[in-house]
Amino acid sequence: MTMLQFFRCLLLGVIFPLALARGAELTEFHVRGGLPNVAAKIARGEEVRVAFLGGSITAAAGWRPMTLTTFQRAYPKTKFTEINAAVSGTGSDYGAPRLQRDVLRHRPDLLFVEFAVNDGSGSPRVEARMEGIVRQTWAANPHTDICFVYTVSDGMLKDLLAGSYQSTARSMENVAAHYAIPSFNFGVEIARRIAAATLVMTAPESVKADAEGRDAQGRLIFTRDKTHPTDAGHRVYAARLALALPQFLRAGAAGPHPLAKPLSTENWQRARIVSVAETDHDSQWQPVPPHDVHVTTQSGQNLVPPTWVAMEPGAKIAFRFKGTALGIVGLKGPENGQFRVTIDELPPETGTLFDSYSTPGRFYLARWFFSKPLADTEHRVTLELLATQIDKAAIMAKAGKLITDPKPYAAHGLYLSGFLVVGEPVGTKPP
2 MTMLQFFRCL LLGVIFPLAL ARGAELTEFH VRGGLPNVAA KIARGEEVRV
52 AFLGGSITAA AGWRPMTLTT FQRAYPKTKF TEINAAVSGT GSDYGAPRLQ
102 RDVLRHRPDL LFVEFAVNDG SGSPRVEARM EGIVRQTWAA NPHTDICFVY
152 TVSDGMLKDL LAGSYQSTAR SMENVAAHYA IPSFNFGVEI ARRIAAATLV
202 MTAPESVKAD AEGRDAQGRL IFTRDKTHPT DAGHRVYAAR LALALPQFLR
252 AGAAGPHPLA KPLSTENWQR ARIVSVAETD HDSQWQPVPP HDVHVTTQSG
302 QNLVPPTWVA MEPGAKIAFR FKGTALGIVG LKGPENGQFR VTIDELPPET
352 GTLFDSYSTP GRFYLARWFF SKPLADTEHR VTLELLATQI DKAAIMAKAG
402 KLITDPKPYA AHGLYLSGFL VVGEPVGTKP P
C-alpha cells in the first residue's frame, strides 16, 4: 500500500464515520477508535484471544481462520487464540442472549461481530440487539476491542450497487459510530467487482470453476447459493480485511472503552439464556445426552446449550422473569411439533420450530419470539406442547420439497435448549 493510499483510507475511516450511517457516503471501512488494546498486547508480546461471533458465513472454514492466520503471520511472536462462537442460521437476536455463554466467559481481547446477512434487514430492533452486544462486552471487560464486519447476500446488492450500505449494515453503523467501533463492509468490494464484471455473485455447481475459483470468462464465482461464499469468495473477504487491520491497530489509545449513554433504552444489554434446568418443568421433559445425534450433527456442537426434549402433548414448563422480551431457542428437525406460550394474562401465542429445512439428520438451532411487547415488570411464562399436529407435508411442498418417508416426521415434540430473555429470571432454580 502506498503512502497516498494509506492516507486516503485513513481520512475516509476517521473523518467521515457518521456520514455513511445516514446513507450519504460509501466507504469500505471505518477506523474510528481502532483496536488499540489489541495493538498494546501485541507490542508487549502477550497472548491475544480473538472471538468470532456470527452465523454460517463465519462458521465456515473461510474468512475467520484466514483472518487468524493473517494476525499470526503479521505478528509471529504473539500467540493468537481463537474463540469460535459462530452458529449457523442465527442472527443478533440469538447472539446477544448467548454472548456470555459462548464468548465473554472465554475473556476475549478482540471480538468480531458478523450478523449483517442473518439479521435480514435493518431496524431499531437490530440496533438494540447490536448495542446490547457492545454494552455486555464492555461491562464485562472494557479493554476488549470490538470490530463489526458486514457480509453480503444477493438481495443486498441493489443497495450497494446504488452507493449505499445494505440496510442491516446501516443500522449497525449507527451503533458502531456511537461507540467508536471500527467496522468493515465486505460488500463494498464485492459490489465493485460485480460492477467491473470481474466477479459474479452466484453460479450453479454446473458452472465449473478453475483452481482460482473463476468461470470460463475469468470472473470469480463468489457464491453457489447467493449467500455463502466459495473458498475464493472467502479469500476476497479475508484479503480485504487484512488491508484494513494495520490501520485499525494504529488508531486510538490503549485503555478502557467508555460505556457511552445508550442509544436506546430498549437495548439488549440484559439479554441472556435461561436454561430448562432453572425452570419448573414436569417429568415429561428429559435432558438430551451430549452425544445424542440431535446435538452432534449441529455445527459447532459445543455451542449448543443443554437441551431437553418432550414428545407428549401437555408437557409444560413455567418460570418467572423481569424484563421486556421472551423467546425460545431449540433444535429444529423433522420431529418438531407445535407449542403454546402464555405470558401473564396476555393472549397466548403458538409456534413451531419446524420449517422446510427440518429434514432428517439436519438439526440446527432455531429461535422463536413472543411477538407482543412486554412492560419491564415481573412476568410468569408457561410453555405447553400441543396435541395439534402441523401439516409438515404442506410446509415442505411450499418450498418445493416432497416427503417420501413420513416416519421421521411422525413425532410432534420439541427439543428445547432454553428461553431467551431480555431481563432477569426471578426465583429460578440453580442450573
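Under my numbering, the final residue of the sequence shown carries the number 432; numbering is consecutive throughout. All C-beta atoms, glycine included, are put in the ideal place defined by N, C-alpha and C. Nothing here was measured: the structure is a model prediction, and the numbers come from that model.
Annotated as distal: Ala97 and Arg126, with beta-carbon spacing of 8 Å or more. By the criterion of a C-beta distance shorter than 6 Å, Asn38 is surrounded in its chain by His144, Asp146 and Ala255, once the five residues flanking it on both sides are discounted.
Note on geometry: alpha-carbon atoms of Ala60 and Phe185 lie some 18 Å from one another.
Straight across, the Cα-Cα distance linking Glu336 with Val382 is about 24 Å. In this chain, the alpha helix (DSSP H) harbouring Asn38 covers Pro37 to Arg45. The C-alpha of Tyr238 lies about 12 Å from the C-alpha of Arg194. The continuous stretches of beta strand (DSSP E) do not include Gly34, and DSSP gives it neither H nor E. The C-alpha of Pro259 is placed about 12 Å away from the C-alpha of Thr138. If the five residues before and after Arg220 are omitted, its C-beta is found closer than 8 Å to the C-beta atoms of Ala198, Thr199, Leu200 and Val201, all from its own chain and listed in chain order. Taken atom to atom, the span from the alpha-carbon of Val176 to that of Lys399 is near 38 Å. Taking Gly315 as the centre and dropping the five residues before and after it, the same chain places the C-beta of Gln285, Glu385, Leu386 and Ala388 closer than 8 Å to its C-beta, in chain order.
Going by DSSP, Leu242 is part of no beta strand (DSSP E) but of the alpha helix (DSSP H) stretching over Asp232 to Arg251. Counted as a single uninterrupted DSSP element, the alpha helix (DSSP H) harbouring Trp64 occupies residues Trp64 to Ala75. Taking C-alpha positions only, Pro407 is separated from Gly133 by approximately 42 Å.
A residue is called buried once 16 or more other Cβ atoms fall within 10 Å of its Cβ, and Gly401, having fewer, is exposed. Cβ-Cβ distances below 8 Å link Leu69 to Val51, Phe81 and Glu83 in the same chain, with the five nearest sequence neighbours on each side left out; the list follows chain order. The three-state secondary structure of Asn268, taken from DSSP, is coil. The stretch 152-164 makes no contact with the stretch 94-112, as fewer than three CB pairs between them are under 8 Å. Counting only the Cα atoms, Thr71 lies some 33 Å from Ser207. Judged by DSSP secondary structure, Gln101 falls within the alpha helix (DSSP H) whose first and last residues are Ser93 to Asp103.
Note on the stretch 277-321: whole alpha helix (DSSP H) runs with a minimum of 4 residues are 294-297, in chain order.
In the structure shown, Phe187 falls within a helical segment according to DSSP collapsed to helix, strand and coil. Sequence-distant Cβ neighbours of Ala192 in its own chain, meaning closer than 7 Å and more than five residues away, are Leu158, Leu161 and Leu162.
Under a 10 Å Cβ-count criterion, Ser89 is classified as buried, with 16 or more other Cβ atoms of the shown protein chains found around its own Cβ. Less than 8 Å divides the Cβ of Asp94 from the Cβ of Arg368. For Ser372, the CB contacts under 7 Å within the same chain, skipping 5 residues up- and downstream, are Glu350 in chain order. Counting every other CB atom within 10 Å of its CB across the protein chains shown gives Val427 a total below 16, marking it as exposed. Arg50: member of the beta strand (DSSP E) spanning Val49 to Gly55, first to last residue.
Counting along the chain, Ile134 sits inside no beta strand (DSSP E); it lies in the alpha helix (DSSP H) bounded by residues Pro125 to Ala141. Contact check for Pro183 against Gly35 passes: the beta carbons are separated by less than 8 Å. In the three-state reduction of the DSSP assignment, His229 falls in the coil class, being assigned neither a helical nor a strand state. Excluding sequence positions up to five before and after Phe420, its CB lies within less than 6 Å of the CB of Val275 and Ile329, all in the same chain and listed in chain order. Each residue's CA atom was taken as its position, placing Val422 and Asp216 some 47 Å apart. The alpha-carbon of Thr266 is positioned some 52 Å away from that of Gln218. Every beta strand (DSSP E) stretch that sits fully inside the stretch 179-223 and reaches 3 residues is listed by chain position as 184-186 and 200-203. Look at the stretch 398-430 and you find no whole run of alpha helix (DSSP H) that is 4 residues long or longer.
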